[in-house]
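In my numbering, the protein residues as written are 359 to 929.
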């Protein structure tokens with residue numbers, strides 16, 4: 359008979375021993391809408407206007423549900439008495455629609471504030487609906503099985519990679535896992551009609567994902583029957599475990615943080631900011647501790663119930679096909695990445711984390727640096743364009759040039775690879791130094807563009823800790839993180855792919871890109887790339903330049919009528 363305190367102790371030990379990977383797995387589940395969705399709610403409710411020195415972003419705030427957004431787009435009001443079918447659908451179809459499209463809520467919010475109309479809007483709406491249904495039905499349930507696979511592997515072996523999360527998606531496994539999870543969901547839905555049966559069956563079927571994680575070939579009837587046998591007489595005790603997590607790690611911390619936030623708000627006068635920070639703190643606690651702790655605890659519970667079935671030699675205990683999952687948890691210091699401590703015959707059962715063979719201290723040739731410049735510039739352009747589409751709902755060719763590149767990203771990435779090589783052994787030093795270098799580049803670029811072209815392509819005047827509106831702390835932090843990714847991952851990875859090209863091909867590619875880049879600069883000098891979503895305002899207009907006119911036909915477009923301010927660079 360398992361003991362609740364012992365199960366939780368083992369779960370905490372397992373979680374802390376595999377902390378970062380477990381946090382990543384649980385965050386992916388929350389992000390996909392599979393589990394732990396409440397813990398990331400504060401991200402969706404992010405309110406930058408609560409930060410002192412900031413102003414609300416010029417973006418429409420909406421609390422509309424996905425169903426309401428659909429009706430709004432179709433210009434249908436089910437309550438006006440002229441659409442009886444829509445009225446019936448509003449009462450019966452809406453709950454199912456909300457569940458199926460929940461993973462695509464961000465897409466619906468973007469579509470609601472976008473400027474896409476006509477067939478473009480209808481097409482995007484159809485894509486959103488079908489995409490949400492597909493993702494919910496075909497991916498989310500199987501992803502939950504993958505999370506159990508990771509938890510079971512990490513319980514008995516060290517250095518398990520989060521790639522175990524995608525174990526059920528392998529050939530010959532995905533379809534059966536999908537079918538069993540659909541049957542489980544259908545049975546739960548039918549039992550929910552009885553009201554009383556819903557909570558009972560939620561616990562009766564709770565072990566189904568774990569059984570699938572161990573044996574992805576199990577039949578639906580067998581998986582559900584085995585789960586019911588394992589949970590027989592254990593439902594109340596399992597409920598108590600859930601209750602202790604909810605009370606001890608959700609209700610009490612949130613109440614404590616809110617009380618502290620209220621007191622701090624009364625003392626500082628920033629009531630809204632302190633209240634929001636309290637919510638954020640509770641959310642971060644869930645993301646970085648509670649979710650992983652709870653997930654590991656229930657993995658330990660599954661192992662205890664599994665062993666009980668094996669000891670009783672029940673007929674369905676034959677479905678437990680991985681004997682290693684019953685092993686004792688490892689003890690002592692964790693081995694380094696790549697070190698194996700198990701027999702070779704069991705290698706195919708586990709998903710070990712391999713050491714990435716990337717040499718961040720490698721040397722970069724001139725040709726490689728040129729190609730990296732264009733690669734980083736392209737990534738920056740894609741990021742800026744995508745960010746603007748999400749924020750404003752329209753496409754804008756971000757930057758001073760017309761080609762798909764933003765030189766400030768390429769310049770920053772290459773400059774860090776050249777100037778900070780002696781700092782690479784220290785990640786914090788690389789991070790801080792990158793912030794400084796990129797801030798200098800950004801400030802200089804802003805000044806030069808305004809001096810030569812008379813236009814400010816970005817303005818951070820309303821952002822926290824900005825310098826003359828040209829740079830800000832938020833942008834510097836983003837650049838610091840991006841440069842660390844460039845130094846330790848993207849740089850050596852992309853350079854390794856470039857090295858596979860012959861020197862002659864590298865030279866030819868460099869000359870071609872430099873020629874196109876030079877031509878773009880010449881053309882952009884004669885025909886500047888300006889307008890909505892590109893420039894945020896103008897200081898003075900050089901001769902021959904004309905910015906878009908305002909609705910009254912006088913002067914350039916006011917800042918309030920151009921794209922939303924964000925810590926991104928249109929260079």
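The beta carbon of each residue, even a glycine, is placed where N, CA and C say it ideally should be. Model, not experiment: these values are computed from the prediction.
Residue from the options whose Cα sits closest to the Cα of residue i
i	options	result
residue 568	513, 609, 622, 517	513
residue 385	600, 507, 397, 677	397
residue 558	379, 597, 485	597
residue 831	818, 843, 626	818
residue 766	708, 841, 602	841
residue 683	379, 741, 506	506
residue 582	570, 592, 593	570
residue 770	662, 370, 797, 756	797
residue 390	844, 493, 548	493
residue 455	495, 614, 595, 527	495
residue 547	453, 395, 724	453
residue 860	563, 726, 826	726
residue 856	723, 648, 649	723
residue 799	772, 432, 594	772
residue 875	660, 580, 729, 690	729
residue 613	635, 593, 594, 595	635
residue 593	395, 685, 711, 560	560
residue 366	601, 757, 437	601
residue 706	515, 826, 793	515
residue 540	606, 528, 577, 810	577
residue 795	549, 839, 437, 808	839
residue 510	820, 783, 638, 660	660
residue 579	545, 595, 611	545
Spatial distance of residue i from residue j (CA atoms)
i	j	result
residue 538	residue 372	28 Å
residue 673	residue 687	27 Å
residue 899	residue 823	Residue placement at residue 899 cannot be trusted, given a pLDDT of 37 that sits under 50; the coordinates are not used to answer.
residue 786	residue 834	14 Å
residue 677	residue 573	7 Å
residue 670	residue 447	50 Å
residue 924	residue 829	Confidence at residue 924 is low in this model, with a pLDDT of 41, below 50, so its placement is unreliable and the value that follows should be read with caution. Cα to Cα, the separation comes out at about 12 Å.
residue 359	residue 535	30 Å
residue 778	residue 870	29 Å
residue 736	residue 665	54 Å
residue 741	residue 755	11 Å
residue 844	residue 768	11 Å
residue 450	residue 553	17 Å
residue 531	residue 680	15 Å
residue 906	residue 814	Caution is warranted here: a pLDDT of 39 is assigned to residue 906, below 50, making its placement in the model unreliable, and no coordinate value can be reported.
residue 590	residue 508	26 Å
residue 491	residue 543	15 Å
residue 501	residue 565	15 Å
residue 709	residue 599	29 Å
residue 717	residue 872	27 Å
residue 743	residue 563	45 Å
residue 812	residue 888	11 Å
residue 615	residue 640	7 Å
residue 370	residue 657	11 Å
residue 776	residue 883	29 Å
residue 733	residue 426	41 Å
residue 430	residue 394	30 Å
residue 361	residue 644	24 Å
residue 816	residue 827	8 Å
residue 434	residue 489	22 Å
Contacts around residue i, its chain only, beta-carbon distance under 8 Å, and the 5 residues preceding and following it disregarded
i	result
residue 720	850, 853
residue 498	390, 391, 392, 461
residue 867	729, 859
Sequence-distant residues of its chain with Cβ nearer than 7 Å to residue i (five each side left out)
i	result
residue 878	759, 760, 761
residue 781	787, 788, 791
residue 423	456
Residues near residue i in its chain [Cβ-Cβ closer than 6 Å; skip 5 each side]
i	result
residue 363	none
residue 503	526, 535, 567, 570, 571
residue 383	505, 508, 520, 523
| field | Contiguous alpha helix (DSSP H) assignments of at least 4 residues, all confined to the region 575-611 | value | 578-589, 593-604
| Touching or not, the region 645-657 and the region 624-637, by the rule of three or more beta carbon pairs under 8 Å? | no
| said: With three or more beta-carbon pairs closer than 8 Å as the criterion, would you say the region 790-810 touches the region 737-749? | reply: no
| Unbroken stretches of the alpha helix (DSSP H), 4 residues or longer, contained in the region 707-769 | 724-750
| message | Contact between the region 366-381 and the region 629-636 is defined here as three or more beta-carbon pairs at a separation below 8 Å; is this criterion met? | response | no
| message | Any contact between the region 516-525 and the region 575-592? By contact I mean 3 or more CB pairs, one from each, below 8 Å. | response | no
| said: Quick check on the DSSP output: what are the complete alpha helix (DSSP H) runs of length 4 or more inside the region 810-849, in order along the chain? | reply: 831-843
| said: Just to confirm the assignment: which complete alpha helix (DSSP H) runs, minimum length 4, are found wholly within the region 365-391? | reply: 377-390
| message | If we require 4 or more residues per run, which alpha helix (DSSP H) segments fall completely within the region 610-680? | response | 610-626, 629-643, 649-670
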